[in-house]
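Student: The opening residue of the sequence shown carries number 252 in this note's numbering; numbering runs sequentially from there. This is the structure I want to talk about, given as structure tokens.
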Amino acid sequence: MKLADRTPEQRPSAGRAGKRGVRALQQCVCASLLLVSCAAQAVLGEGLASIYQAQQSLASTLKAEPGAQYSVYTHSLPNGTVVREYLSRQDLVFALVWQGPAWPDYELMLGRFYDRFATLSKQRRAGQVPTDTGLVVEMSGLMGALRGRIYLPAQLPEGVTPGEVK
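In structure tokens, the structure reads:
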């Protein structure tokens, strides 16, 4: 018997079928958000664990150089770009520096600071002077030889100057 030939009492409830579809869609969206949040672990403003999570996401090789006031973790990316992350003794990534043939994955590396970075980048492209003093962004270079530095001035360890972050 075709659906059109059934009486209203014999037809499946559109409400029940619709609710099942909505519920399945909600479950898919929740699962997708969970996967995205797990894969896109931020490092700027985060701790050591996020450096290792970024290593997996970036498929990079990682080298650690401990120092007196901070440690430097260097990611060598498959595309040839090198990203250095500066980790304070308080377990906080306070700076990122990179150079190479391609820009790093900003959204991954900056996490919760990505929106501020995007705003600063738009201001620069529009010829405006960036107004956010809590996040310093410096980028330069030509295609194939790109470099940049992003740091949180308020999070620099005591006695460390911006000039040391290179």
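Note that beta-carbon positions come from the ideal geometry of N, C-alpha and C, so glycine has one too.
#1: Taking the alpha helix (DSSP H) that residue 305 falls in, what are its first and last residues?
#2: Checking the sheet assignment: what are the DSSP bridge partners for residue 349?
#3: Could you check if residue 316 is buried or exposed, using at least 16 other CB atoms within 10 Å of its CB as the buried criterion?
#4: Pull up the DSSP beta-bridge partners for residue 327, would you.
#5: Nearest to residue 313 by alpha carbon, out of 337, 296 and 343?
#6: Would you call residue 297 buried or exposed, if buried means 16 or more other Cβ atoms sit within 10 Å of its Cβ?
#7: How many whole angstroms separate the CB atoms of residue 340 and residue 408, which I take to be in contact at a CB cut-off of 8 Å?
#8: Residue 388 and residue 361: beta carbons closer than 7 Å?
#9: From which residue to which residue does the alpha helix (DSSP H) around residue 409 run?
#10: Within 10 Å of its beta-carbon, does residue 329 have 16 or more other beta-carbons around it, so buried, or fewer, so exposed?
#11: I'd like to check one pair, residue 351 with residue 333: are the Cβ atoms closer than 7 Å?
#12: Could you check which residue in 379, 384, 416 and 331 has the C-alpha nearest to that of residue 405?
Tutor: This is what the structure holds:
#1: 299 to 309 is the span of the alpha helix (DSSP H), which, as asked, contains residue 305.
#2: In the DSSP secondary-structure assignment, residue 349 is bridged to 334 and 399.
#3: It counts as exposed.
#4: Listed as beta-bridge partners of residue 327 by DSSP are 312 and 333.
#5: Among 337, 296 and 343, the Cα nearest to that of residue 313 belongs to 337.
#6: Label assigned to residue 297: buried.
#7: Indeed, because the Cβ distance is near 7 Å, the residues count as touching under 8 Å.
#8: Residue 361 sits away from residue 388, with the two beta carbons spaced by 7 Å or more.
#9: Taken as a continuous stretch (DSSP letters only), residue 409 belongs to no alpha helix (DSSP H), as it is neither H nor E.
#10: In this structure residue 329 is exposed. Its beta-carbon is surrounded by fewer than 16 other beta-carbon atoms within 10 angstroms.
#11: Contact check for residue 333 against residue 351 passes: the beta carbons are separated by less than 7 Å.
#12: Ranking the options by Cα distance to residue 405, first place goes to 384.
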